[in-house]
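One structure below.
Chains as they are written, first to last, in the numbering used here: chain A, 265 to 460; chain B, 15 to 320.
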């Protein structure tokens, strides 16, 4: 095996060179399969929702891992416009189209936070604590500042020291209820996040 | 729908026939980009990133709304912004969504030396198969629109797929779906041409006499077409090629040079064979050896015998 003559060496080298040249020139067709990327939504769970940004309130479809089986932990991995939604009919603006990164953002706020007067930091609190605190403070403020009648004797039933900032991505029905609740408190300062 | 992923009409660097009996009998697909309706919001860019799971690096502002500055392996589509002062002295803000044009006669596919790294489906989509890509960059040279980009991470070429994975299951590409103004539309190429004709008629009635469709015949037509207000000057739109062709070098190399070199190789082999049959190998007998020994011993060069 070790005894390779000059002639044999040249033969082998030449044959290899010729062979590889032929392959390069396309004489040896290799298997060339082609397939598109797997369609990633095939059996993902589809959930309808409303875009959280502006007051246009576009409908979105959220696709999450798993088919809602008990042992599959759902996690949204794709969002696109809802073609059946009358507002946007499937379209989205660049912010809406990027909602997936909003959901998975490390700085996304996922629970209520409280910053005490004079404090320099926020502390996480539970929803119960937050709602109780809001209710208590609202009552306190309303009891102290509610105006039933003006000095002239005109009935106004207004509460001017507290305002309401409503969410933009509300449906008609939610907007109607918010309006009713706030007005029944006597709140006049009423604005909407959509204007911000 | 003629959109099965394996309905291939052409593959790069492959000499065996494609599995191409199934054809797009109900029409190929096309994307129509109406530059006259585009507001440059970039929803298409975001939707593209989102669907294709791409996140490009955050760049720096270079004095334009255009962001990122250029296409990349992770930015497959890009709004190109041009400020054009027309002869009347008015400023026109021309915005063109750039990306793969999905040519009917794709220069990238023609130039590609790697078997099956670039394929053309029956529905008209030109798709890169990255696992077959060898990163040589010939597709970049072959593309008349300067679209493919070689990734610095894996040395493979990437570009818009026209969302072949969505189209294969009968959906529209992600960019088309997102577009809030309807500047992007998708359908069969025939329907898109009809839609464009309506748009052009409307534009002409509004004073854009030169409005027209961009579907360049130099590359056999494209499956991504533009409606332009200035169809007579496509170059205004961030240098859109007025008459794109596959580079003559690529055509020469893949068209003439390749069969020619094959013929030369075959002829050389044939000539060698006949030389061997007629003349035989160059044999050295005892007399030659003796002559050589004598000559060497005399200190001279070995004399050659015919």
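Every residue gets a Cβ at the ideal spot worked out from N, C-alpha and C, and that includes glycine. If you're wondering where the values come from, they're calculated on a predicted model, not measured in any experiment.
Using a C-beta to C-beta distance shorter than 8 Å, which residues of chain B count as neighbours of residue i?
{"i": "residue 393 (chain A)", "result": "Chain B residues near residue 393 (chain A): none, gap ~36 Å exceeds 8 Å."}
{"i": "residue 349 (chain A)", "result": "Simply none; closest approach about 12 Å."}
{"i": "residue 342 (chain A)", "result": "64 and 65"}
{"i": "residue 345 (chain A)", "result": "191 and 192"}
Measure from the alpha carbon of residue i to the alpha carbon of each residue in the options, then state which is nearest.
{"i": "residue 25 (chain B)", "options": "B:127, B:294 and B:115", "result": "B:127"}
{"i": "residue 53 (chain B)", "options": "B:45, B:103, B:108 and B:250", "result": "B:108"}
{"i": "residue 256 (chain B)", "options": "B:166, B:158, B:272 and B:286", "result": "B:158"}
{"i": "residue 347 (chain A)", "options": "A:326, A:331, A:337 and A:338", "result": "A:326"}
{"i": "residue 77 (chain B)", "options": "B:96, B:65, B:290 and B:62", "result": "B:96"}
{"i": "residue 350 (chain A)", "options": "A:414, A:314, A:333 and A:427", "result": "A:314"}
{"i": "residue 117 (chain B)", "options": "B:282, B:251, B:172 and B:235", "result": "B:235"}
{"i": "residue 258 (chain B)", "options": "B:27, B:105, B:30 and B:121", "result": "B:121"}
{"i": "residue 260 (chain B)", "options": "B:101, B:102 and B:119", "result": "B:119"}
{"i": "residue 65 (chain B)", "options": "B:245, B:88 and B:33", "result": "B:88"}
{"i": "residue 356 (chain A)", "options": "A:367, A:343 and A:366", "result": "A:343"}
{"i": "residue 201 (chain B)", "options": "B:30, B:44 and B:183", "result": "B:44"}
{"i": "residue 131 (chain B)", "options": "B:254, B:228 and B:149", "result": "B:149"}
{"i": "residue 453 (chain A)", "options": "A:427, A:445, A:444 and A:397", "result": "A:427"}
{"i": "residue 300 (chain A)", "options": "B:299, B:133 and B:92", "result": "B:133"}
{"i": "residue 318 (chain A)", "options": "A:341, A:330 and A:352", "result": "A:352"}
{"i": "residue 175 (chain B)", "options": "B:37, B:161, B:247 and B:104", "result": "B:161"}
{"i": "residue 307 (chain A)", "options": "A:371, A:328 and A:436", "result": "A:328"}
{"i": "residue 458 (chain A)", "options": "A:397, A:303, A:338 and A:321", "result": "A:321"}
Report buried or exposed for residue i, applying the criterion of at least 16 other Cβ atoms within 10 angstroms of its Cβ.
{"i": "residue 272 (chain A)", "result": "exposed"}
{"i": "residue 438 (chain A)", "result": "exposed"}
{"i": "residue 363 (chain A)", "result": "buried"}
{"i": "residue 80 (chain B)", "result": "buried"}
{"i": "residue 421 (chain A)", "result": "exposed"}
{"i": "residue 425 (chain A)", "result": "exposed"}
{"i": "residue 50 (chain B)", "result": "buried"}
{"i": "residue 386 (chain A)", "result": "exposed"}
{"i": "residue 74 (chain B)", "result": "exposed"}
{"i": "residue 129 (chain B)", "result": "buried"}
{"i": "residue 455 (chain A)", "result": "exposed"}
{"i": "residue 100 (chain B)", "result": "exposed"}
{"i": "residue 272 (chain B)", "result": "exposed"}
{"i": "residue 21 (chain B)", "result": "buried"}
{"i": "residue 142 (chain B)", "result": "buried"}
Which class does residue i belong to by DSSP, given the choice of helix, strand or coil?
{"i": "residue 54 (chain B)", "result": "coil"}
{"i": "residue 22 (chain B)", "result": "strand"}
{"i": "residue 163 (chain B)", "result": "strand"}
{"i": "residue 134 (chain B)", "result": "strand"}
{"i": "residue 15 (chain B)", "result": "Low confidence applies to residue 15 (chain B): its pLDDT is 31, below 50, so where it sits in the model is not reliable, and the reading given next is rough at best. Reduced to three states, the DSSP call for residue 15 (chain B) is coil."}
{"i": "residue 342 (chain A)", "result": "strand"}
{"i": "residue 280 (chain A)", "result": "helix"}
{"i": "residue 117 (chain B)", "result": "strand"}
{"i": "residue 436 (chain A)", "result": "helix"}
{"i": "residue 391 (chain A)", "result": "helix"}
{"i": "residue 442 (chain A)", "result": "helix"}
{"i": "residue 421 (chain A)", "result": "strand"}
{"i": "residue 309 (chain B)", "result": "helix"}
{"i": "residue 262 (chain A)", "result": "One cannot answer for residue 262 (chain A) here, as it falls past the ends of chain A, which runs 265 to 460."}
So which residues on chain A does residue i lean against when the C-beta distance must stay under 8 Å?
{"i": "residue 194 (chain B)", "result": "352, 355, 356 and 357"}
{"i": "residue 219 (chain B)", "result": "Result: empty, since nearest Cβ-Cβ is about 26 Å, beyond 8 Å."}
{"i": "residue 179 (chain B)", "result": "300, 301, 302, 303 and 304"}
{"i": "residue 38 (chain B)", "result": "Those do not exist, as residue 38 (chain B) stays about 15 Å from chain A at its closest Cβ, beyond 8 Å."}
Quick one: which chain B residues come within Cβ less than 9 Å of residue i?
{"i": "residue 364 (chain A)", "result": "64"}
Which chain B residues sit within Cβ distance under 7 Å of residue i?
{"i": "residue 361 (chain A)", "result": "57, 60, 61, 64 and 192"}
Residues of chain A with CB under 7 Å from residue i, in chain order?
{"i": "residue 22 (chain B)", "result": "298"}
{"i": "residue 183 (chain B)", "result": "303"}
{"i": "residue 133 (chain B)", "result": "298"}
{"i": "residue 211 (chain B)", "result": "The premise fails here: residue 211 (chain B) is roughly 24 Å from chain A at the closest Cβ pair, so nothing lies under 7 Å."}
Could you tell me whether any non-hydrogen atom of the ligand ATP is closer than 6 Å to the CB of residue i?
{"i": "residue 28 (chain B)", "result": "The ligand ATP is not part of this structure, which contains no ligands at all."}
Would you mind telling me which residues of chain C sit closer than 9 Å to residue i, beta carbon to beta carbon, in chain order?
{"i": "residue 188 (chain B)", "result": "In summary, chain C is missing from the structure at hand, where the protein chains are A and B."}
- Message: So within the segment 78-111 of chain B, which uninterrupted beta strand (DSSP E) runs reach at least 3 residues, ignoring any that extend past its ends?
- Response: 92-99
- Task: At 4 residues or longer, and completely inside the segment 183-209 of chain B: list those alpha helix (DSSP H) runs for me, N to C.
- Result: 188-192
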